[in-house]
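A.B. asks: Have a look at the structure that comes next, please.
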Amino acid sequence: MAEKLVLAGPASEELGKSVAQSLGLGTLDAEFKVFPDGESKFTLDARVSGKSIFLIQSTHPPVDQHLFQLLLAAHRLSQDGAKVTAVVPYLAYARQDKEFLPGEGVTLGVVAHLARSVGVRRLVTVDIHSAEGLSLFSFPTYSVSAIPNLVEYAKSQMRLDDPVVIAPDMGGSKRTEAFAQLYGAKFLQLTKTRDRSSGDVRVKEDKLDVEGKQVLIVDDIISTGGTVRAAAEAVLKGGAKGVSVVGVHGLFVGSATQTLEKAGLRHVVCTNTVPGKFNKVDVSEAISAHLKTLDE
Ligand code: R5P
Numbered sequence: 005m006a007e008k009l010v011l012a013g014p015a016s017e018e019l020g021k022s023v024a025q026s027l028g029l030g031t032l033d034a035e036f037k038v039f040p041d042g043e044s045k046f047t048l049d050a051r052v053s054g055k056s057i058f059l060i061q062s063t064h065p066p067v068d069q070h071l072f073q074l075l076l077a078a079h080r081l082s083q084d085g086a087k088v089t090a091v092v093p094y095l096a097y098a099r100q101d102k103e104f105l106p107g108e109g110v111t112l113g114v115v116a117h118l119a120r121s122v123g124v125r126r127l128v129t130v131d132i133h134s135a136e137g138l139s140l141f142s143f144p145t146y147s148v149s150a151i152p153n154l155v156e157y158a159k160s161q162m163r164l165d166d167p168v169v170i171a172p173d174m175g176g177s178k179r180t181e182a183f184a185q186l187y188g189a190k191f192l193q194l195t196k197t198r199d200r201s202s203g204d205v206r207v208k209e210d211k212l213d214v215e216g217k218q219v220l221i222v223d224d225i226i227s228t229g230g231t232v233r234a235a236a237e238a239v240l241k242g243g244a245k246g247v248s249v250v251g252v253h254g255l256f257v258g259s260a261t262q263t264l265e266k267a268g269l270r271h272v273v274c275t276n277t278v279p280g281k282f283n284k285v286d287v288s289e290a291i292s293a294h295l296k297t298l299d300e
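Take 5 as the starting number for the sequence shown in the working numbering and just add one per residue.
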């Protein structure tokens, strides 16, 4: 059986270490460097021929830099004869997994194509935006669910009295419904529209049965915070007595933190797929549990 090792990229150093620890695997030494002009360099300090490497690197902002580091490392490792499993806890570009408007490039398809061409043999991510996106990859893929960990945290730490769990849009509703079911809470789905040019988000406010309730918004990504802000405003207008948010991947770009502060949220909780101050839920065990099932 091939020796297994972990290589944690610069975007996922902490999470990578935790995964290696929980799997009882050694880590590979390598150097990732970024030049002043933004170019990346990767140097591998080990022989990896015949080994199986879990290359762990999230692709949060700076997205293209993190993605390129992942591709560069995967290429070097596979050229040296390793079997590369890309573990990408937050998989960027997963929202553009089809041509929504005529002429748009299918960005996730390009990521899948690049990953294959640099020698990635398997890809593991956490809560991909939509499971359909995995069909763009021509090698085995798997999306680990962080929902059980988030439910456990919400129940034990947030202690909301009989909350209503809300999906801010159709896209994430299956994941949010799974959260509500596991929690044993009522589930509601809002109708969100986003102006595809300006990015402005609106949420329909009619028929929201949240009067006097604690509301828990559950989404996969918090990026600018616009979706959460619009959903929070709608439920507060609908008479909710409090609103909190749980997101799997907390990107918090630009002024997202201030946007969420203004929205009057009681709790903001994310996982550690992306480093940040709202990371309260560790997904290293969930990732490791899946990696343990892989043969080599
Ligand atoms: C979109 O469909 C996703 O599920 C999230 O709702 C979205 O990416 C959040 O982005 P933002 O925080 O910028 O509104």
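Here a beta-carbon is modelled for each residue, glycine too, at the ideal position from N, C-alpha and C.
With distances taken Cα to Cα, identify the nearest neighbour of residue 189 among 163, 175, 59 and 207.
C.D. replies: Counted from its first residue, the sequence shown places residue 189 at position 185. Ranking 163, 175, 59 and 207 by Cα distance to residue 189 puts 163 first.
A.B. asks: According to DSSP, what are the bridge partners of residue 253?
C.D. replies: Mapped onto the sequence shown, residue 253 falls at position 249. DSSP, once it has assigned bridges, lists 225 as partnering residue 253.
A.B. asks: Can you find at least 3 beta carbon pairs, one from the region 84-103 and one from the region 115-134, that sit closer than 8 Å?
C.D. replies: Cβ pair count under 8 Å is three or more, so yes.
A.B. asks: What are the partner residues of residue 9, as DSSP defines its beta bridges?
C.D. replies: Taking the sequence shown and counting its residues from 1, one reaches residue 9 at position 5. DSSP, once it has assigned bridges, lists 30 and 57 as partnering residue 9.
A.B. asks: Take residue 294 and list the residues in its own chain whose beta-carbon comes closer than 8 Å to its own, dropping the five residues that flank it on each side.
C.D. replies: Translated into the one-based positions of the sequence shown, residue 294 becomes position 290. Excluding positions up to five away in sequence, the list reads 128, 146 and 148.
A.B. asks: Tell me which residue opens and which closes the alpha helix (DSSP H) that residue 191 is part of.
C.D. replies: Within the sequence shown, residue 191 is the residue found at index 187, counting from 1. Not the alpha helix (DSSP H): residue 191 falls in the beta strand (DSSP E), residues 190-193.
A.B. asks: Between the Cα of residue 222 and the Cα atoms of 236, 185, 197 and 171, which residue gives the shortest distance?
C.D. replies: Taking the sequence shown and counting its residues from 1, the one referred to as residue 222 is at position 218. Comparing Cα-Cα distances from residue 222 to each of 236, 185, 197 and 171, the minimum goes to 171.
A.B. asks: Along the chain, where does the alpha helix (DSSP H) containing residue 157 start, and where does it finish?
C.D. replies: Counting from one through the sequence shown, the residue named residue 157 turns up at place 153. Residues 151-157.
A.B. asks: What residue from 114, 186, 204 and 254 has the CA that sits closest to residue 64's CA?
C.D. replies: Along the sequence shown, read from residue 1 onward, the residue named residue 64 stands at position 60. Minimum Cα distance to residue 64 is reached at 254.
A.B. asks: Using a Cβ-Cβ cutoff of less than 8 Å, which residues in the same chain neighbour residue 44 once the five nearest sequence positions on both sides are dropped?
C.D. replies: Numbered from 1 along the sequence shown, position 40 holds the residue referred to as residue 44. Same-chain partners within the cutoff: 36, 37, 38, 69, 72, 73 and 76.
A.B. asks: Can you tell me the Cβ-Cβ gap for residue 207 and residue 196, rounded? I've got them flagged as a contact below 8 Å.
C.D. replies: If you number the sequence shown from 1, residue 207 lands on position 203. If you number the sequence shown from 1, residue 196 lands on position 192. So it is a contact: roughly 5 Å between Cβ atoms.
A.B. asks: Could you compute how far the alpha carbon of residue 41 sits from the alpha carbon of residue 48?
C.D. replies: Start at 1 with the first residue of the sequence shown, and residue 41 comes out as number 37. Start at 1 with the first residue of the sequence shown, and residue 48 comes out as number 44. Cα to Cα, residue 41 sits roughly 22 Å from residue 48.
A.B. asks: Report yes if the C-beta of residue 205 is less than 7 Å from at least one heavy atom of the ligand R5P; otherwise report no.
C.D. replies: Taking the sequence shown and counting its residues from 1, one reaches residue 205 at position 201. Within the cutoff, so yes.
A.B. asks: Per DSSP, residue 207 forms a beta bridge with which residues?
C.D. replies: Residue 207 sits at position 203 when you count from the first residue of the sequence shown. 196.
A.B. asks: I believe residue 225 touches residue 179 by the beta-carbon criterion, under 8 Å. Please report the beta-carbon distance rounded to the nearest angstrom.
C.D. replies: The count along the sequence shown starts at 1 and reaches residue 225 at position 221. The count along the sequence shown starts at 1 and reaches residue 179 at position 175. Actually they are not in contact, since the Cβ atoms of residue 225 and residue 179 sit about 11 Å apart, beyond 8 Å.
A.B. asks: Is the region 232-239 touching the region 274-288 in the sense that three or more CB pairs, one from each, lie closer than 8 Å?
C.D. replies: No: the two stretches stay apart, fewer than three of their Cβ pairs being nearer than 8 Å.
A.B. asks: Should residue 227 go down as buried or exposed, given a rule of 16 or more other Cβ atoms within 10 Å for buried?
C.D. replies: Taking the sequence shown and counting its residues from 1, the one referred to as residue 227 is at position 223. Buried.
A.B. asks: Would DSSP call residue 48 helix, strand or coil?
C.D. replies: Numbered from its first residue, the sequence shown carries residue 48 at position 44. Here residue 48 sits in strand by DSSP.
A.B. asks: If you drop the 5 nearest sequence neighbours on each side, which residues of the same chain put their C-beta closer than 7 Å to that of residue 113?
C.D. replies: Within the sequence shown, the letter at position 109 stands for residue 113. The answer, listed in chain order, is 140.
A.B. asks: Leaving out five residues on either side along the sequence, give the residues of the same chain with a beta carbon under 7 Å from the beta carbon of residue 186.
C.D. replies: As a first step, residue 186 is located in the sequence shown; it is residue number 182 there, counting from the start. Taken in chain order, the residues that qualify are 151, 152 and 155.
A.B. asks: Taking the alpha-carbon positions, what's the residue 1 to residue 268 distance?
C.D. replies: With the chain covering only 5 through 300, there is no way to say anything about residue 1.
A.B. asks: So is the beta-carbon of residue 99 under 7 Å away from any non-hydrogen atom of the ligand R5P?
C.D. replies: The sequence position of residue 99 within the sequence shown is 95, counting from 1. Yes, the beta carbon of residue 99 sits closer than 7 Å to at least one heavy atom of the ligand R5P.
A.B. asks: By how many angstroms is the C-alpha of residue 272 removed from the C-alpha of residue 57?
C.D. replies: Locating residue 57 in the sequence shown gives position 53, where the first residue counts as 1. Locating residue 272 in the sequence shown gives position 268, where the first residue counts as 1. If I take the Cα positions, the gap works out to 34 Å.
A.B. asks: Check the C-beta distance from residue 60 over to residue 115 and give it rounded, since I have them as a contact under 8 Å.
C.D. replies: Translated into the one-based positions of the sequence shown, residue 60 becomes position 56. Translated into the one-based positions of the sequence shown, residue 115 becomes position 111. Incorrect: roughly 16 Å between the Cβ atoms, too far for contact.
A.B. asks: Provide the residue span of the alpha helix (DSSP H) that contains residue 187, from first to last.
C.D. replies: What you label residue 187 is simply residue 183 of the sequence shown in a count that begins at 1. Note, residue 187: alpha helix (DSSP H), 177-187.
A.B. asks: In angstroms, rounded to a whole number, what distance separates the CA positions of residue 7 and residue 28?
C.D. replies: Along the sequence shown, read from residue 1 onward, the residue named residue 7 stands at position 3. Along the sequence shown, read from residue 1 onward, the residue named residue 28 stands at position 24. Taking the straight line joining both Cα atoms gives about 12 Å.
A.B. asks: To the nearest angstrom, report how far apart residue 66 and residue 259 are at their CA atoms.
C.D. replies: Counting from one through the sequence shown, the residue named residue 66 turns up at place 62. Counting from one through the sequence shown, the residue named residue 259 turns up at place 255. Computed Cα separation, rounded: 16 Å.
A.B. asks: If we count the other Cβ atoms within 10 Å of its Cβ and call it buried at 16 or more, is residue 102 buried or exposed?
C.D. replies: Residue numbering aside, residue 102 sits at position 98 when the sequence shown is read from its first letter. Result: exposed.
A.B. asks: Should residue 106 be listed as close to the ligand R5P, given that the test is whether its C-beta is under 7 Å from any heavy atom?
C.D. replies: Position 102 of the sequence shown, counted from the first residue, corresponds to residue 106. Every heavy atom of the ligand R5P is 7 Å or more from the Cβ of residue 106, so no.
A.B. asks: Going by DSSP, which residues form a beta bridge with residue 283?
C.D. replies: Within the sequence shown, residue 283 is the residue found at index 279, counting from 1. Answer by DSSP bridge pairing, in chain order: 274.
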